[in-house]
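In mature numbering (1 follows the signal peptide of the UniProt record, and there is no 0), the protein residues as written are -17 to -1, 1 to 270.
See structure below.
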């Protein structure tokens, strides 16, 4: 009889323990299995660090814009935006606060960062998804990379053309003037003049070596080296280039290891030289 009583008590204890254990997993699931939508709704800010690739230091004229953007809903207003000007110290910490009621849990959000510093523009090579779909809301790492400026793109295209002239049709000519001796080579792609290289010896007044590039029969880029004589190192290099609309895009004056802006008048002079040598080398035909 005693053994039966103990058995019943043991059964009751086991049953009670079973009830307690069955309630704990339910409570744990409510906490640890929290949905991404609930997490997104709980966050009211996104924060992280912005760095610049290559350790570049922007000027005091730069403008940094940080936005939290819904890329699922194209054209919608950013969830949050912050502008910092100037932003001269990097790495830079940021935080964007937003209204949680505006978050769509099933949409994809990214932090979008743009830095403008004069002609230089910096952009994100890699997107930074945040907030929803299991993406972070803190410690977001963003790297900005510098893009080529319009003048750098033009110079790179000109240098690419310089490397191609060896495969073009070539003609040459010379002209003796009272104060100078000229020699030139014309490079054509088909019937179109693409490039002219001119050497001018001014005697005691120096020597110039000039590369002229053309597009659609018009001066495109001119690069002129000035020397004491033909075998000497350049004392200066002037480069000017024009966009398709005729605007002056590239203008640099390099001398003594420093680079500064070429004056508009000097750029205009190079443009006129390009027209004159094209007329001279083609007998006035321009091609």
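Just so it is clear, CB atoms sit at the ideal spot from N, CA and C, and this is done for glycine as well.
Short Cβ contact (8 Å threshold) for residue i with residue j
| i | j | result |
| --- | --- | --- |
| residue 204 | residue 233 | yes |
| residue 274 | residue 196 | Because the chain here runs from -17 to 270, residue 274 falls outside it and cannot be looked at. |
| residue 70 | residue 47 | yes |
| residue 179 | residue 264 | yes |
| residue 207 | residue 191 | yes |
| residue 87 | residue 53 | yes |
| residue 77 | residue 109 | no |
| residue 184 | residue 145 | no |
| residue 189 | residue 210 | yes |
| residue 198 | residue 171 | no |
Residues sharing a beta bridge with residue i, DSSP
| i | result |
| --- | --- |
| residue 42 | Paired residues: none, contrary to the question. |
| residue 202 | 197 |
| residue 221 | 207 and 236 |
| residue 244 | 235 |
| residue 129 | 105 |
| residue 160 | In DSSP, residue 160 forms no bridge with anything. |
| residue 272 | This structure leaves residue 272 out entirely; the chain is present only between -17 and 270. |
| residue 178 | 170 and 196 |
| residue 112 | 93 |
| residue 184 | 164 and 190 |
| residue 100 | 103 |
| residue 59 | Answer is none; residue 59 lacks a bridge partner. |
| residue 80 | 28 |
| residue 53 | 92 |
| residue 72 | The partner list for residue 72 (beta bridge, DSSP) is empty, contrary to what the question assumes. |
| residue 47 | 67 and 98 |
| residue 154 | 169 |
| residue 124 | 32 |
Cα-Cα separation between residue i and residue j, rounded to whole angstroms
| i | j | result |
| --- | --- | --- |
| residue 84 | residue 245 | 54 Å |
| residue 231 | residue 220 | 17 Å |
| residue -2 | residue 115 | Since pLDDT at residue -2 reaches only 42, below the 50 mark, its modelled position is unreliable, and the value read off the structure follows with that caveat. Looking at the two C-alpha atoms, the distance is approximately 41 Å. |
| residue 63 | residue 93 | 11 Å |
| residue 202 | residue 29 | 51 Å |
| residue 187 | residue 194 | 22 Å |
| residue 26 | residue 39 | 33 Å |
| residue 10 | residue 61 | At residue 10, the pLDDT of 40 sits below 50, so the modelled position is not reliable; the number obtained from the coordinates is stated separately. Roughly 37 Å separates the two Cα atoms. |
| residue 270 | residue 157 | 17 Å |
| residue 73 | residue 100 | 14 Å |
| residue 67 | residue 58 | 23 Å |
| residue 252 | residue 136 | 23 Å |
| residue 267 | residue 240 | 38 Å |
| residue 55 | residue 90 | 5 Å |
| residue 131 | residue 106 | 11 Å |
| residue 6 | residue 117 | Note that residue 6 scores a pLDDT of 42, beneath 50, so its modelled location is shaky; the value from the coordinates is reported in the next line. So the alpha carbons of these two residues sit roughly 28 Å apart. |
| residue 237 | residue 122 | 44 Å |
| residue 162 | residue 254 | 21 Å |
| residue 177 | residue 228 | 18 Å |
| residue 306 | residue 43 | In the structure as shown, the chain starts at -17 and stops at 270, and residue 306 therefore has no counterpart that could be examined. |
| residue 4 | residue 98 | Residue placement at residue 4 is flagged as unreliable, the pLDDT there being 46, under the threshold of 50; the coordinate-derived value follows with that caveat. Near 56 Å, if we compare the C-alpha coordinates of residue 98 and residue 4. |
Which listed residue (the options) has its alpha carbon closest to that of residue i
| i | options | result |
| --- | --- | --- |
| residue 111 | 99, 102, 95 and 100 | 95 |
| residue 102 | 184, 133 and 123 | 133 |
| residue 80 | 215, 214 and 120 | 120 |
| residue 159 | 118, 171 and 182 | 182 |
| residue 104 | 41, 209 and 117 | 41 |
| residue 154 | 75, 174 and 218 | 174 |
| residue 218 | 98, 242 and 123 | 242 |
| residue 257 | 225, 82, 162 and 235 | 225 |
| residue 262 | 200, 238, 235 and 248 | 200 |
Touch check for the segment 131 to 145 and the segment 155 to 166: three-plus C-beta pairs under 8 Å?
no
Using 8 Å as the cut-off, can you tell me whether the segment 23 to 42 makes contact with the segment 113 to 130, which would need three or more C-beta pairs spanning the two stretches below that distance?
yes
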